[in-house]
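Before any comments, here is the structure.
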Ligand SMILES: NC(=O)c1ccc[n+]([C@@H]2O[C@H](COP(=O)([O-])OP(=O)(O)OC[C@H]3O[C@@H](n4cnc5c(N)ncnc54)[C@H](OP(=O)(O)O)[C@@H]3O)[C@@H](O)[C@H]2O)c1
Ligand SMILES: NC(=O)c1ccc[n+]([C@@H]2O[C@H](COP(=O)([O-])OP(=O)(O)OC[C@H]3O[C@@H](n4cnc5c(N)ncnc54)[C@H](OP(=O)(O)O)[C@@H]3O)[C@@H](O)[C@H]2O)c1
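Residue numbers (UniProt numbering), protein chains in the order written: chain A, 1 to 255; chain B, 1 to 255.
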């Protein structure tokens with residue numbers, strides 16, 4: 001049985017706790033959070049604390065705390081030479097205090113406390129400094145039912161950056177779709193099946209092959225009509241830039 | 001039983017044929033295509049023709065042909081005062097020759113001939129010039145199992161434009177994610193569950209509420225790091241513009 005001390009009680013830590021609770025290979029023996037009230041509801045099923053000096057001995061310490069405080073919290077851990085990992089996509093593994101064996105368990109998914117999450121849909125990217133820590137981290141990720149992938153720092157950095165494009169920026173395109181349709185009293189809901197289909201399509205097909213539409217076809221008449229329709233200057237700029245980007249990808253000239 | 005003559009044999013017409021084939025309320029009594037070879041495989045189950053002068057008498061004629069030729073094909077139909085509709089998101093209903101009763105059945109989805117399509121996931125937007133044609137068009141759409149919505153020309157125009165944002169432009173963000181990850185030998189596949197989750201999330205929640213990430217948080221440090229990481233100038237411009245757009249939506253100042 002692998003013993004885990006979990007630190008933090010936000011989106012990620014909460015899902016990790018629930019995930020580990022279902023496995024037989026991993027046991028969360030203690031849960032720490034700066035403010036105890038967030039973990040009070042779990043006091044019956046796990047030892048809770050708000051004092052770093054109270055931390056128990058465990059195989060691994062998972063720091064699922066805000067990016068900005070990872071370094072500080074790792075420094076304040078009152079022991080050394082134990083395996084300590086964080087869960088961030090963008091923080092360096094070297095931000096963890098060097099007194100520890102250091103690693104990263106980066107869950108490549110968007111968590112929110114309130115929404116259910118099946119770890120089968122959460123690829124966990126594993127990074128370690130020393131090779132010896134890898135098998136344990138892999139076991140932990142696999143116990144959750146997650147696909148796992150060993151990566152290096154550069155790869156984690158680009159994955160986090162790419163995640164901003166496919167998650168935050170994509171969501172903003174949905175938002176613009178919402179604004180455009182509402183401006184004429186059309187229902188955004190009508191676009192939802194298309195949005196889902198667009199995401200499903202590239203599960204099997206490359207985004208290159210999946211592309212369609214006026215930019216790919218270089219359909220100047222439709223592009224011109226669309227630009228005329230757009231009243232918001234920012235929306236217009238986004239239309240132009242992404243149309244150019246599609247053209248660049250598919251070997252067409254610029255707008 | 002509603003009798004339909006289907007014109008065209010591309011992505012949309014092929015799916016419409018297969019969809020109608022499963023209903024008991026609608027019968028495709030004839031299928032026309034300019035080049036007969038595309039519909040030859042269906043000759044056993046439906047009357048096929050490549051001659052507009054051979055068209056049978058039907059309750060409705062559905063023109064699922066390229067946008068550019070809708071006007072011309074409708075003009076060449078050798079009859080008048082029949083219900084004739086097209087399936088385009090961007091072509092005016094008035095592009096259909098005025099000798100007909102005119103309407104539009106716009107299926108708001110991305111079709112490709114090869115991929116299966118369940119019409120339950122295809123909202124059909126209905127537009128008519130005279131009100132009397134509406135009930136028949138509604139019946140036809142419902143027979144396919146599609147959600148339906150009556151819309152006007154302005155609404156169809158914005159829906160088509162919004163579809164470009166949530167389908168073509170979103171797909172290009174996936175493509176950029178692909179390029180960025182590959183540049184470091186990271187696997188694009190790791191992003192696929194996040195892509196699906198992002199699309200699923202807004203089925204229940206508004207894109208406004210669903211937004212997260214550095215732009216929404218106005219996390220200047222991460223934004224700066226990301227911009228430094230991006231080598232492609234176009235990717236950088238897209239990052240800046242969409243970050244500004246998220247800030248505008250969420251009441252933050254520009255980059
Ligand atoms: N959310 C996601 O979708 C996601 C996905 C992948 C990776 N991550 C990474 O996972 C980590 C946690 O993210 P999250 O979304 O779970 O964050 P979160 O919901 O904002 O929770 C942050 C946690 O950090 C704690 N914390 C903040 N300042 C602290 C301090 N000075 N000392 C001790 N604890 C402190 C908070 O404690 P209080 O409860 O006392 O405020 C809270 O438990 C981050 O590194 C993030 O980059 C997040
Ligand atoms: N594909 C989508 O995702 C989608 C979604 C919603 C709406 N629509 C709309 O549905 C309509 C059809 O789109 P599609 O994707 O099915 O097109 P498509 O696959 O390109 O097929 C075009 C069809 O038009 C015919 N055609 C072209 N020029 C013609 C001419 N001069 N005379 C007679 N027929 C001609 C073609 O005949 P040949 O076989 O002889 O070339 C072919 O059957 C368009 O108005 C489009 O905007 C498409």
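Beta carbons are placed, not taken as given, at the ideal position from N, Cα and C, and that holds for glycine.
Asked                                                                                                                                                                                   : Found
Given a cut-off of 9 angstroms, decide if residue 6 (chain A) and residue 62 (chain A) are closer than it, judged by their beta-carbon atoms.                                           : yes
Any heavy atom of ligand 2 within a distance shorter than 8 angstroms of the CB on residue 34 (chain B)?                                                                                : yes
I'd like to know if residue 151 (chain A) contacts chain B, where contact means its C-beta is closer than 9 angstroms to some C-beta of that chain.                                     : yes
Tell whether a beta-carbon distance below 9 angstroms holds between residue 158 (chain B) and residue 174 (chain A).                                                                    : no
I need the boundaries of the alpha helix (DSSP H) containing residue 234 (chain A), first residue and last residue.                                                                     : 233-249
Check whether the segment 233-248 of chain B and the segment 105-121 of chain A are in contact - that is, three or more C-beta pairs closer than 8 angstroms.                           : no
In terms of DSSP beta bridges, what is residue 3 (chain A) paired with?                                                                                                                 : A:27
So if DSSP puts residue 150 (chain A) in a beta bridge, which residue, or which two residues, is it bridged to?                                                                         : A:126
Counting only the same chain and skipping the five closest in sequence on each side, list residues whose C-beta sits under 6 angstroms from that of residue 268 (chain A).              : The first residue shown for chain A is 1 and the last is 255, placing residue 268 (chain A) beyond what the model contains.
If you follow the alpha helix (DSSP H) that residue 174 (chain A) is part of, which residue opens it and which one closes it?                                                           : 170-182
So residue 32 (chain A) and residue 14 (chain A) are in contact, right, with Cβ under 8 angstroms, and what is the actual spacing, rounded?                                             : Their Cβ separation, rounded to whole angstroms, is 13 angstroms, which puts residue 32 (chain A) and residue 14 (chain A) out of contact at 8 angstroms.
Using only CA atoms, which one of A:129, A:52 and A:134 lies nearest to residue 73 (chain A)?                                                                                           : A:52
How many whole angstroms separate the CB atoms of residue 119 (chain A) and residue 144 (chain A), which I take to be in contact at a CB cut-off of 8 angstroms?                        : 4 angstroms
So what does DSSP say about residue 34 (chain A), is it helix, strand or coil?                                                                                                          : coil
Kindly indicate which three-state DSSP category residue 230 (chain A) falls into: helix, strand or coil?                                                                                : coil
Since residue 217 (chain A) is in the alpha helix (DSSP H), which residue starts that stretch and which ends it?                                                                        : 214-217
Between the segment 137-171 of chain B and chain A, which residues of the former have CB atoms less than 9 angstroms from a CB of the latter, in chain order?                           : 147, 149, 151, 152, 154, 155, 156, 157, 158, 159, 160, 161, 162, 163, 164, 165, 166, 167, 168, 169, 170 and 171
Terminal residues of the continuous beta strand (DSSP E) containing residue 145 (chain A)?                                                                                              : Per DSSP, residue 145 (chain A) belongs to no beta strand (DSSP E) and is neither H nor E.
Is there at least one non-hydrogen atom of ligand 2 closer than 8 angstroms to the beta-carbon of residue 226 (chain A)?                                                                : no
Using a Cβ-Cβ cut-off of less than 7 angstroms, give me the residues of the segment 226-241 of chain B that come near chain A, in sequence order.                                       : 226, 229, 234, 237, 238 and 241
Looking only at its chain, what residues have a beta carbon closer than 7 angstroms to the beta carbon of residue 250 (chain B), apart from the 5 residues adjacent to it on each side? : 211 and 216
At a CB-CB cut-off below 9 angstroms, which residues of chain A make contact with residue 45 (chain B)?                                                                                 : None at all; the shortest Cβ gap to chain A is about 27 angstroms.
Do the segment 130-138 of chain B and the segment 187-203 of chain A touch if we need at least three Cβ pairs shorter than 8 angstroms?                                                 : no
Give the secondary structure of residue 156 (chain A) by DSSP, where H, G and I count as helix, E and B as strand, and everything else as coil.                                         : helix
What does the alpha-carbon distance come out to for the pair residue 25 (chain B) and residue 59 (chain B)?                                                                             : 12 angstroms
Taking residue 194 (chain B) as the query, report the chain A residues whose CB atoms sit under 7 angstroms from its CB, ordered along the chain.                                       : 108, 109, 110, 163, 166 and 167
Closer than 8 angstroms to a non-hydrogen atom of ligand 1 - does that hold for the CB of residue 140 (chain A)?                                                                        : no
Taking only beta-carbon atoms, is residue 197 (chain B) less than 9 angstroms away from chain A?                                                                                        : yes
Could you list the residues in the segment 10-21 of chain B with a C-beta less than 7 angstroms from some C-beta on chain A, going in chain order?                                      : none
For residue 207 (chain B), which of A:171, A:179 and A:95 has the nearest alpha-carbon?                                                                                                 : A:171
Starting from residue 203 (chain A), find everything on chain B with Cβ-Cβ shorter than 7 angstroms and list it in chain order.                                                         : 192 and 196
Counting only Cβ pairs nearer than 9 angstroms, list the residues of chain A close to residue 180 (chain B).                                                                            : 158, 159, 161, 162 and 165
Within a Cβ cutoff of 6 angstroms, which residues of the same chain sit near residue 260 (chain B), ignoring the five residues on either side of it in sequence?                        : Given that chain B is displayed from residue 1 to residue 255, the structure contains no residue 260 (chain B) and the question cannot be resolved.
Does the Cβ of residue 64 (chain B) have 16 or more other Cβ atoms within 10 Å, making it buried, or fewer, making it exposed?                                                          : buried
Kindly indicate which residue of B:232, B:80 and B:221 has the alpha-carbon position closest to the one of residue 57 (chain B).                                                        : B:80
With DSSP as the reference, please indicate the residues paired to residue 86 (chain A) in a beta bridge.                                                                               : A:63 and A:104
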